[in-house]
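I have placed the structure first, in the form of structure tokens, so that the comments after it can refer back to it.
Numbering (the working numbering), first residue to last: 18 to 104.
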């Protein structure tokens with residue numbers, strides 16, 4: 018199931034969408050994030066400097082949080098809500 022979820026998130030991000038994710042942090046807090054890996058939505062100064070994969074493993078997804086303007090990671094198994102977001 019986790020592998021399917023990871024694949025689904027990755028496909029959504031790779032299609033250029035901004036996605037809304039709600040997940041539970043390690044400390045138990047819930048975090049809401051609107052994120053993308055589409056460079057069109059990321060300021061040039063925040064583009065990855067090397068060809069770093071946005072996907073560290075099949076357990077963790079790395080994406081750009083457009084609200085706090087920074088790169089963040091979240092665990093696939095901690096996701097509670099996942100939806101496409103229109104800009």
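No residue lacks a Cβ here, since even glycine has one placed at the ideal position from N, Cα and C. In this text, all values refer to a predicted model and were calculated from it rather than measured experimentally.
Quick one, which of the options has its alpha-carbon nearest residue i's?
i, options, result
"residue 50", "57, 43 and 36", "36"
"residue 55", "93, 27, 100 and 39", "27"
"residue 60", "88, 29, 44 and 97", "88"
"residue 43", "93, 32 and 100", "93"
"residue 103", "63, 29 and 34", "34"
With residue i as the anchor, note down where its alpha helix (DSSP H) starts and where it stops.
i, result
"residue 26", "19-31"
Along the chain, where does the beta strand (DSSP E) that runs through residue i open and close?
i, result
"residue 51", "47-53"
"residue 101", "96-102"
"residue 66", "Here residue 66 belongs to no beta strand (DSSP E), and DSSP marks it neither H nor E."
Since residue i and residue j should fall inside the 8 Å C-beta cutoff, what is the C-beta to C-beta distance between them, to a whole number of angstroms?
i, j, result
"residue 83", "residue 41", "With a Cβ gap of about 21 Å, residue 83 and residue 41 do not count as contacting."
Touch check for the region 73-92 and the region 20-36: three-plus C-beta pairs under 8 Å? yes
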